[in-house]
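Asks:
4 protein chains.
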Amino acid sequence: MKAKIGILGASGYTGYELIRLLALHPGVELAYLSAGSSAGQKLGEVFPDLVADAEMRLVPLSEALPIPVDFVFSCLPHHESMEVVPKFLSKDGVKAVDLSADYRMKDPKDYEKWYGKAHSSPDLLKEAVYGLPELNREAIRRARLVANPGCYPTSVLLGLAPLLKEGWAADAPILADSKSGLSGAGRTPSLKTHLVEAEGSVAPYSIGRAHRHLGEMEQEMKKLGGKGCRLIFSPHLIPMSRGILSTLYVKTKKPVGKTELQDLYEKAYAGEPFVRILKNGKPPETKAVKYSNRCDIGLTPLEEDALILITSAIDNLVKGASGQAIQNMNLMLGYKETLGLPFQGCAN
Amino acid sequence: MKAKIGILGASGYTGYELIRLLALHPGVELAYLSAGSSAGQKLGEVFPDLVADAEMRLVPLSEALPIPVDFVFSCLPHHESMEVVPKFLSKDGVKAVDLSADYRMKDPKDYEKWYGKAHSSPDLLKEAVYGLPELNREAIRRARLVANPGCYPTSVLLGLAPLLKEGWAADAPILADSKSGLSGAGRTPSLKTHLVEAEGSVAPYSIGRAHRHLGEMEQEMKKLGGKGCRLIFSPHLIPMSRGILSTLYVKTKKPVGKTELQDLYEKAYAGEPFVRILKNGKPPETKAVKYSNRCDIGLTPLEEDALILITSAIDNLVKGASGQAIQNMNLMLGYKETLGLPFQGCAN
Amino acid sequence: MKAKIGILGASGYTGYELIRLLALHPGVELAYLSAGSSAGQKLGEVFPDLVADAEMRLVPLSEALPIPVDFVFSCLPHHESMEVVPKFLSKDGVKAVDLSADYRMKDPKDYEKWYGKAHSSPDLLKEAVYGLPELNREAIRRARLVANPGCYPTSVLLGLAPLLKEGWAADAPILADSKSGLSGAGRTPSLKTHLVEAEGSVAPYSIGRAHRHLGEMEQEMKKLGGKGCRLIFSPHLIPMSRGILSTLYVKTKKPVGKTELQDLYEKAYAGEPFVRILKNGKPPETKAVKYSNRCDIGLTPLEEDALILITSAIDNLVKGASGQAIQNMNLMLGYKETLGLPFQGCAN
Amino acid sequence: MKAKIGILGASGYTGYELIRLLALHPGVELAYLSAGSSAGQKLGEVFPDLVADAEMRLVPLSEALPIPVDFVFSCLPHHESMEVVPKFLSKDGVKAVDLSADYRMKDPKDYEKWYGKAHSSPDLLKEAVYGLPELNREAIRRARLVANPGCYPTSVLLGLAPLLKEGWAADAPILADSKSGLSGAGRTPSLKTHLVEAEGSVAPYSIGRAHRHLGEMEQEMKKLGGKGCRLIFSPHLIPMSRGILSTLYVKTKKPVGKTELQDLYEKAYAGEPFVRILKNGKPPETKAVKYSNRCDIGLTPLEEDALILITSAIDNLVKGASGQAIQNMNLMLGYKETLGLPFQGCAN
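Chains as they are written, first to last, in the working numbering: chain X, 1 to 348; chain P, 1 to 348; chain F, 1 to 348; chain G, 1 to 348.
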């Protein structure tokens, strides 16, 4: 029997990507799609390429609530999501993945610091599991509520995890210089996503210690590394639709050689279906993971400087959002982890 | 002494382009820039690349009105422009170019048909001169108010004019299949200009007999051709910032050969500084006119079919809007027609 | 048992797309990939995003020939393909789809006219079936050799077929104004596909009666319409990777109304899995068919002018090449026609 | 009297940009354009948008040599340039700017290390002046041969100079994470510049200690900072035509505050016509310097970490190549430094 799925906030890019991917998933069927201002429209009007359920009408949240489902994805904005997710979870047996930032921080004070508002369901915050399957698989399987990681954190944490776990990083700030496509800025039109403004331009923003994802990344880095990891984070907007490339600079306690580093990463991700460690110092390109749930990682140790450069590429809407959300759902519903998920991308 | 210039509605793309080009014009100085919601901001905040007058503050229309000027450019939207332009023209000696559609139609009924509202200053409508200098130079020189042509009409009319004037077109609808960059859709963010929506897609819109520029084009075609010219017009949005390429299909009374056609066009535009007739059947590309006030025209006669294909390329913001407006201003103020205007573009 | 597949000329874009799509096809397995200068390289080196068979090595044609297969796709250039395809077909039971132009023209004289060389296997030319399943399904099922249609012809013929079959077109040239992404120009680097040259530019080429696909289109139009159809064809390069949008202008014998036209097309393509007729005059956009094997068609009758505008969108590498080739293979091997083929695209 | 100018290697992007910019320069006239495989073609055939000298024919190097000139720009590739430049300089009074890397390294051993070949004119190497006017103006004025800086080095060195001169940088490697448009890869078509390969992708290359510009940058950093500066350099290809954005991470001896840092940079570049220090922590975007000879610099001190982030944006073909070459020429010929050079760019 197929699991009945509800998607909240279906008219943005993460909603789009969920619907597109779930249409190819054999274990689910859509029960409803909720939306705000797009409620009342048919799916095919909101997204003209989505043909599988083109006639399905988006409903307001209030109409969605009573419809029985097995699983809910929340693509609502932060602040909104924490008001709504508890209502769905209060029903018997319902599980959820929240794609907003609302359940990512473990400490309500950290949430308030980075998101500017007191958390309204701190108990659920405590219960929620951080949904990076490669680092946290067993807890996700047992979870009722999974906080889907941010797009930048996914690319940064997968790139850093083996080094941090092994304790090789020196006691110095780690630098993450990230380059992101514009779908990361959301579907609501704004000047910065206007093609005429964005085409042909690279634009840094919130660099240093200012971006909200910093709190989430440092929280998870600490879990991995056991002590006071500190991150300097520089995101840049790139004139393309999809993709994040993070270039990571990690000072190590002692010099690390090529073979040693390659071995560490290959072992750490051995058997992982959605991580590929590139060989021979080849760096990844975002096009090779476009439309794929894969993270490609390249390794460039600078032995003489006791410095390691790691380059990590994901599709921000797939492994960085909706693909990972489905990977989490698969684990939570007892499906095969890779079910319905694209491993191969489409570069050209 | 430099002419004092006011620009109304300065925060959109035609305003931007006027400011950018006038900064290099030796005969003018900016008296004010007016704007709606951007009023109060500095120019450098609204357009971070405009350094010449970066500290100048945009003012609301009401503050602009009393400031003395010699010349006004209105970049206001249609409907708004006709409410405002008369106030500026009522002052002694002030002249204006209106870049909106408000003064382009000669017949108030045509205005109402295509723009859905009765015209509020029909006397000025009668007085206004249609500002395509290559077809209308002497009237522009004497004008107090010039209606700057639309971007599509500029590319279509310059492509058709010699054929129509010569009376070669058969009594059959002319087809214009136009491809436009996204700056033509304006600077106000919308879903269709969102890079993620627009990148990698060609999108026809308002094709056939639906687009507002049809009225303007047929009006001017009639002036040129003397009788009932009819146009089928198919605009398409193209994933690029600037440029219009119009592919024109004209049935002729009798077959026309290569040399004959080439001669017609070269003679028609001999001495024109901003029109270039390409040779040997080479079609134009929009990149060759990017940032230039030039129109490039290519000729492909199909003698066997008594059909002529004309391809015409302009930069929609320069020859299709602000560059042409300055060309008109030069004529109206008695400057050299080419003063301050770029002939060469920047393709790469 | 899975069919064993050979792909000749695997290092270009149609080869890429075949490999990408066949990796998701449950009824086949790759026996070999042949290439010219890329022979010896691993697939993952030639296309870094193709992970399914990344370790498979491309072989020279001479090594491919003796390897037993059930089915061959030739992605070789024209002229080359007709030298090679007969060798593979001479083996017992082997069938083939040729993606080049070599087997598309029925008359060897037409081949020589458009492709500049006498045909070297005129018997096979006679035997080959033109592979547009929507028009030619039963013959394809029985074929040993299918000539896969060109990308432009696919978009134009699917747009015209119902009109032509019904005999509604007047005795006047039909105009096809097509806009194509740059993958249509092939993978061999050239100045026109250089991003710096192509970005931000629309470029017509071979317009009028000059493009090679004209012969193929008129040949098939005649089959559909019964008499002397004539086409004027204007292709344009658009700064995007994939997609063709054809805007078709057809003069009709008598005026045709909206409902009548909509009915004609909906009936003509009823039950077709890969054709979607849009409603209410909505034109298609190429993004809605990106990565999909679907053709979207929009209808704009201009009753007053006895003229019909048809807009047709495909992904040139899928329905315009490799997807259609697989659709043909499915028919030829007795598989379900839609097996392994994407109906839904990916617009964003 | 206008200076007579020769351009060697005129058919690439730096040649293009020189010709385009010099067409607007009142103090020069073109004596010849030399080229390799494009020799014999007219300028208008090689670059269809360059109309000013469209009829001028490109000549082979051997024909250029005897033509008398006052000034030569060499846009030849490295290795070739050092074979040719001495021949032109051996003539009385001729001066030159070399845009290749051949005269940038002071030590012939460094040249051999980074460029893989013994230098063929070491005396000229010694004589040549490194052409970054903001750092080296007086020496350039007196120079006979100026080595024009690389594009990456221009963006990095202008960003670092005030900090290094002041001696604030700690004894730790400086990190430069650079993002470059594809014109930096040259005009010769290659797979990596194919629009279909490059669109929608970020691709790191030669990261760490591998890129040739490293030697040039460390040489100049040492001049500025007085001792063993070390650089880690990570270039990335970005899907756009023009622009470089360098994000620089500098560890400082002691924490530096906002005001202090802003003051340092504003004083260091006070009066510089082509450097703009942004205020209030605003980072630059490449679009704001497109087609401009300006470098925009943004400052983000992280006081708590004793770390400074500097973001620096240039147009790689203007300030990063041909614009700077003209700036150098202006100094060498005694013209006003800014003559004929664009300060304002074109963002949209």
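Ideal Cβ placement from N, Cα and C applies to all residues, glycine included. Values in this document were obtained by computation on a predicted structure and should not be read as measured data.
(1) Can you name the start and end residues of the beta strand (DSSP E) that G/Cys295 belongs to?
(2) When the distance is taken between beta carbons, is P/Leu195 closer than 7 Å to X/Ala198?
(3) Would you list, in chain order, the members of the stretch 209-220 of chain X that have their beta-carbon closer than 7 Å to a beta-carbon of chain F?
(4) What is the C-beta distance between P/Ala10 and P/Gly27, in whole angstroms, given that I count them as a contact (C-beta under 8 Å)?
(5) Using a Cβ cut-off of 7 Å, pull out every chain P residue sitting near F/Arg137, in sequence order please.
(6) Closer than 8 Å, Cβ to any Cβ of chain F: which residues of the stretch 239-270 of chain P, in chain order?
(7) Secondary structure at P/Asp377, three-state DSSP: helix, strand or coil?
(8) If you count every other CB in all the chains shown that lies within 10 Å of the CB of X/Lys279, and 16 or more means buried, which is it?
(9) Using only CA atoms, which one of F/Leu331, F/Cys346 and F/Glu337 lies nearest to F/Arg141?
(10) When you compare the CB of X/Ser190 with every CB in chain P, is at least one pair closer than 7 Å?
(11) Give a yes or no on whether the minimum CB-CB distance between P/Ile207 and chain F is below 7 Å.
(12) Skipping 5 residues on each side, what residues in its chain have a beta carbon closer than 7 Å to that of G/Gly12?
(13) What in chain X is Cβ-close to F/Lys287, meaning under 9 Å?
(14) Indicate the three-state DSSP secondary structure (helix, strand or coil) for F/Pro122 in the structure shown.
(15) Cα-Cα, which of F/Lys109, F/Leu237 and F/Tyr130 is closest to F/Gln327?
(16) Report back the beta-carbon spacing between P/Leu65 and P/Val156 to the nearest angstrom; my notes put them in contact at under 8 Å.
(17) Indicate whether at least one CB of chain P lies closer than 7 Å to the CB of X/Glu199.
(18) Quick check on F/Leu8: does DSSP put it in helix, strand or coil?
(19) Shortest alpha-carbon distance to X/Leu8 belongs to which of X/Leu58, X/Gly44 and X/Asp49?
(20) How about F/Ala347: is its C-beta nearer than 7 Å to some C-beta of chain X?
(21) For X/Glu29, list the residues DSSP reports as bridge partners.
(22) Looking at the strands, I want to know which residues DSSP matches up with F/Gly208.
(23) Take G/Glu272 and list the residues in its own chain whose beta-carbon comes closer than 7 Å to its own, dropping the five residues that flank it on each side.
(24) Pull up the distance between the alpha-carbon of X/Ser241 and that of X/Ser183, whole angstroms please.
(25) Could you tell me the alpha carbon to alpha carbon distance between X/Trp168 and X/Leu224, rounded to whole angstroms?
(26) Taking only the alpha-carbon atoms, compute the straight-line gap between F/Ile232 and F/Ile207 and give it to the nearest angstrom.
(27) May I ask which residues mark the beginning and end of the alpha helix (DSSP H) holding F/Leu142?
(28) Considering just the uninterrupted stretch of the alpha helix (DSSP H) at P/Lys258, what are its terminal residues?
(29) What three-state label does DSSP hand F/Thr188 in the structure shown?
(30) Name, please, each residue of chain F whose Cβ falls closer than 8 Å to the Cβ of X/Arg276.
(31) Could you tell me whether the Cβ of G/Gln344 comes closer than 7 Å to any Cβ of chain P?
(32) At a CB-CB cut-off below 9 Å, which residues of chain X make contact with G/His119?
(33) Check whether the stretch 287-296 of chain F touches the stretch 43-58 of chain X, taking contact to mean three or more Cβ pairs, one atom from each stretch, closer than 8 Å.
(34) Of the choices X/Ser178, X/Ala35 and X/Val146, whose alpha-carbon is the least far from that of G/Ser246?
(35) Please state the DSSP three-state secondary structure of X/Ser155.
(36) Tell me, to the nearest whole angstrom, how far the beta carbon of F/Ser81 is from that of F/Ser100; I am working on the premise that it is less than 8 Å.
Replies: By the coordinates alone:
(1) Cys295 to Leu302
(2) yes
(3) none
(4) Not confirmed; about 19 Å, so no contact.
(5) Going along chain P, no residue has its Cβ under 7 Å from F/Arg137, so there is no contact; the nearest lies around 29 Å.
(6) Pro239, Met240, Ser241, Arg242, Gly243, Leu245, Thr247 and Tyr249
(7) Within the shown structure, residues of chain P are numbered from 1 to 348, placing residue 377 of chain P beyond reach of any answer.
(8) exposed
(9) F/Leu331
(10) yes
(11) yes
(12) Cys75, Gly186 and Arg187
(13) Pro48 and Asp49
(14) helix
(15) F/Tyr130
(16) Not a contact, Cβ separation roughly 36 Å.
(17) yes
(18) strand
(19) X/Leu58
(20) yes
(21) X/Lys4
(22) F/Phe233
(23) Glu134
(24) 5 Å
(25) 12 Å
(26) 8 Å
(27) The amino acid at residue 142 of chain F is misidentified as Leu; the sequence shows Arg. Segment Pro133 to Arg142, the alpha helix (DSSP H) holding F/Arg142.
(28) Lys258 to Ala268
(29) coil
(30) Val51
(31) yes
(32) In chain order: nothing, as chain X lies at least about 26 Å away.
(33) yes
(34) X/Ser178
(35) helix
(36) 4 Å
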